[in-house]
Amino acid sequence: MLTLKSITAEAVPAALAKAQQYRLLNEPNDAESICLDILAVMPDHQEALKTLLLALTDKFAQFGVSPSFEQAREIVGKLDTSHCKAYYSGIIFERRAKFHLRKGGPGAGTAAYQWLVKAMDAFDLAMKECDTKNQDAVLRWNSCARLMNSHPEVHADENDKQEMLLDPFDTPHW
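The sequence shown begins at 164 in my numbering and counts up by one.
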């Protein structure tokens, strides 16, 4: 196995900018790699953690949710109090809902619905507990609502709205 090379602390700002650029170029693996290099030098670097979290959720579209979903959720726990953890949890859930919707197939609409509801609950929490001047959670909540309103296949399971969601990507959850 090859030994990774370290970047210097002085290189972190430029590396972070590059990671964010790779995210915009839809290159989540490259963004993830750069964030890991930053975190090897500065383990609590908040912007690198947020960028890594978002890069991992970007990977849902190309590679599926496993293992990126759980890795992204672990990063939320590493964010400090200056960041709204509920908001970032909502982002993870929303992007997972979109993954199910794009994937399609039996039960995809119900799975998308359940993840959108979890996302909207997280955004509601963010609106209550986080900076009330920051309206990002409102924008994300509205985006989820519009997605639900514009896709008739996104709905609760008529048989049992409390049924546990099972999918091949993680353990059972509500």
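Where a beta carbon is used, it is the ideal one built from N, C-alpha and C, also for glycine.
Beta-carbon proximity list for residue i, same chain, < 6 Å, skipping 5 on both sides
{"i": "T273", "result": "D320"}
{"i": "L288", "result": "A249"}
{"i": "V317", "result": "G272, A275, Y276, M311"}
{"i": "A286", "result": "Residue identity differs from the one stated: residue 286 is Phe in this sequence, not Ala. Taken in chain order, the residues that qualify are G253, A300, R303, W304."}
Residue i, DSSP secondary structure in three states
{"i": "D320", "result": "coil"}
{"i": "E190", "result": "coil"}
{"i": "M205", "result": "coil"}
{"i": "V239", "result": "helix"}
{"i": "V228", "result": "coil"}
{"i": "G253", "result": "helix"}
{"i": "M327", "result": "Residue confidence is low: M327 scores 44 on pLDDT, short of 50, so the model does not pin down where it sits. No coordinate-derived value is stated."}
{"i": "I197", "result": "helix"}
{"i": "L216", "result": "helix"}
{"i": "D333", "result": "Below a pLDDT of 50, predicted positions are generally treated as unreliable, and D333, at 47, falls in that range; the measurement from the model is reported next regardless. Note: D333 maps to coil in three-state DSSP."}
{"i": "L165", "result": "coil"}
{"i": "K296", "result": "coil"}
{"i": "H246", "result": "coil"}
Environment of residue i [buried if 16+ CB atoms lie within 10 Å]
{"i": "A203", "result": "exposed"}
{"i": "H263", "result": "buried"}
{"i": "Q184", "result": "exposed"}
{"i": "K395", "result": "Nothing about residue 395 can be reported from this structure: the residues present for the chain run from 164 to 337 only."}
{"i": "G253", "result": "buried"}
{"i": "T220", "result": "buried"}
{"i": "D200", "result": "buried"}
{"i": "K222", "result": "buried"}
{"i": "M134", "result": "Because residue 134 is not part of the residues shown, which for the chain are 164 to 337, the question remains open."}
{"i": "L179", "result": "buried"}
Span of the alpha helix (DSSP H) around residue i
{"i": "D287", "result": "271-292"}
{"i": "N312", "result": "299-313"}
Cutoff 8 Å; reference residue i; Cβ partners in own chain excluding five residues on either side
{"i": "A308", "result": "M283"}
{"i": "C293", "result": "C247, A249, Y250, A300"}
{"i": "H314", "result": "L264, G272, A275"}
Cβ neighbours of residue i in the same chain (closer than 7 Å, five flanking residues each side left out)
{"i": "I238", "result": "L212, L215, L216"}
{"i": "F226", "result": "none"}
heavy atom of the ligand HEM below 7 Å from residue i C-beta
{"i": "A178", "result": "Because no ligand of any kind appears in the structure shown, any question about the ligand HEM cannot be addressed here."}
Min CB distance residue i to chain D below 8 Å
{"i": "C247", "result": "In summary, chain D is missing from the structure at hand, where a single protein chain is found."}
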